[in-house]
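The structure appears right after this line, and notes come after that.
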Amino acid sequence: MIYQKSYILMRNNNLRIQFASSIQLIKSQIQYLFFQINLVLQKNKKMFNKRILKEETDFIDHPLDGIRIVNLGIQWEIDLKGPENSPYKNGSFKLTADMHNYPYDGPKFHFVTPIFHPNISQNGEIAPEVIGVGINQWSPKNLMRDILQRIQAILIKPDVNDASNPEALELYKTDIGKYNERASGELKQHQH
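Following this note's numbering, the numbering of the sequence shown begins with 326 at its first residue and continues without gaps.
Quick look at the structure:
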């Protein structure tokens, strides 16, 4: 009987040791997995930070006419002057660029200053396809400098194939004079 109890205790002890060993093995595998995930995240973060920093430095060293970056980081604030040969001349617009997943996804732009334009919705969102940042168009090779120049270009000549503001598009197509008058009139209302 004593022998049987000793055997049972020894067997239970062996099971505990095996169980503890299994738990320890699982713990070490989980720790290794988290370590690997952290390495990947750090590598991506460094790449992201390097890319943003490189483009920010490029803007400081080689500014674009009519575009000034006010605040940098993952949420850019941009001052954009209205192009001369557009109804927005002599105006100034504030935009934001959300770059949380940049350069893996295209930035999301928003006009903070209201604007009457066929490719910009009434809440300030720019049609991403018009400036080359749509889901099917995006490539991490795209640069913010080029995208901002496309925004300037659509202020001069809207893309009539992609309307974010149907009312503005209709007026642009049917009576460009009235469109220019309304766009410049609304611009004057919202300038500080």
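Glycine included, every Cβ here is placed at the ideal spot set by N, Cα and C.
Just so we're clear, the structure is a prediction, and the values are computed from it rather than from any experiment.
Paired residues, beta bridge with residue i - DSSP
i: Leu405; result: Ile392 and Phe418
i: Asp423; result: Gln400 and Lys433
i: Ile451; result: Ile445
Distance, residue j Cα to residue i Cα
i: Lys482; j: Tyr497; result: 10 Å
i: Leu512; j: Pro428; result: 32 Å
i: His435; j: Asp487; result: 17 Å
i: Ser446; j: Pro491; result: 9 Å
i: Ile479; j: Ile351; result: 57 Å
i: Asp404; j: Ile348; result: 57 Å
i: Leu366; j: Arg507; result: Residue confidence for Leu366 is low, a pLDDT of 46 falling below 50, so the modelled location carries little weight and cannot support an answer.
i: Phe384; j: Arg393; result: 8 Å
i: Asn369; j: Gly510; result: At Asn369 the pLDDT is 48, less than 50, meaning the model places this residue with poor confidence; the figure from the coordinates comes in the next sentence. If you take the alpha carbons of Asn369 and Gly510, they lie about 46 Å apart.
i: Lys406; j: Gly416; result: 6 Å
6 Å Cβ shell around residue i - same chain, five flanking residues per side excluded
i: Gly459; result: Pro453
i: Leu494; result: Pro443 and Ala488
i: Lys433; result: Asp423
i: Asn505; result: Pro412
Nearest neighbour of residue i, chosen from the options [CA to CA]
i: Phe418; options: Leu389, Asn410 and Gly449; result: Gly449
i: His515; options: Pro439, Lys375, Trp401 and Glu409; result: Pro439
Same chain, Cβ closer than 8 Å to residue i, neighbours up to 5 away in sequence not counted
i: Gly457; result: Gly431, Trp463, Asn467, Asp471, Ile472 and Arg475
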